[in-house]
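In the numbering used here, the protein residues as written are 541 to 731.
In what follows, a single structure is set out as structure tokens and then discussed.
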């Protein structure tokens with residue numbers, strides 16, 4: 541319920557933001573929050589999973605700020621997250637005010653790469669890197685060029701930041717499931 545309330549408030553703010561000049565795709569946007577009781581876990585700080593939900597709201601705020609959200613909704617496009625990498629540094633306690641700074645770091649032919657920095661005053665609380673895309677009603681990927689066309693802008697793609705290279709290109713650990721284990725390992729597990 542807490543997130544729906546925040547989304548409602550963002551919608552009202554979005555209606556006001558429609559009259560302002562849209563932000564540049566290459567600039568970061570900032571949205572402010574207060575840690576509410578439904579954000580808090582038994583340790584009395586924001587739950588790890590809630591950071592990801594707040595990052596979702598940060599991306600929505602970014603799309604409103606740059607002027608693309610209306611076109612995305614009108615076309616029936618839906619956002620999907622393909623990968624998340626988050627580092628927690630400092631707890632955010634109940635009723636503390638904090639900010640989420642969202643920046644589009646890079647995009648390729650399919651994916652957008654966002655970074656969300658959770659700031660508690662002047663200290664970094666968490667950093668989340670998110671790889672996301674949009675799909676249309678037929679579940680086909682909406683290329684970034686179509687999204688940029690919504691605002692009549694085709695920004696030059698930046699060089700791939702090292703943080704993206706390290707995060708996306710680094711080898712992934714293979715999960716050890718029954719189908720991925722070598723036959724000898726399966727034999728020893730059945731004994």
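Think of the CB as a built atom: it goes at the ideal place given N, C-alpha and C, for glycine as much as any other residue.
All of these numbers come straight from a predicted model, not from anything done at the bench.
Here residue 661 is exposed. Its C-beta has fewer than 16 other C-beta atoms within 10 Å.
Shown here for residue 642: same chain residues with a beta carbon closer than 7 Å to its own, the five before and five after excluded, namely 568, 569, 598, 599, 601, 602, 654, 656 in chain order.
A distance below 8 Å separates the beta carbons of residue 615 and residue 676.
When the five nearest sequence neighbours on each side are left out, the beta carbons in the same chain lying within less than 7 Å of the beta carbon of residue 581 are those of 587, in order along the chain. If you keep only unbroken alpha helix (DSSP H) runs of at least 4 residues inside the stretch 604-678, you get 609-614. Excluding five sequence positions before and after residue 647, the CB atoms of its chain that fall closer than 8 Å to its own CB belong to 653, 684, 697, given in chain order. Ranking 577, 621, 691 by CA distance to the CA of residue 612 puts 691 first.
Judged by beta-carbon spacing, residue 658 lies beyond the 8 Å limit of residue 575, meaning their Cβ atoms are not closer than that value. Residue pairing by DSSP places residue 573 opposite 638 in a beta bridge. Between residue 681 and residue 650 the beta-carbon gap is near 5 Å, inside 8 Å, which marks them as a contact. Within 10 angstroms of the beta-carbon of residue 635 lie fewer than 16 other beta-carbons, which makes it exposed. For residue 688, the enclosing alpha helix (DSSP H) starts and ends at 684-689. The residue among 693, 578, 674, 594 with its C-alpha nearest the C-alpha of residue 572 is 594. With respect to the 8 Å criterion, residue 592 and residue 624 are classified as neighbours on the basis of their beta carbons.
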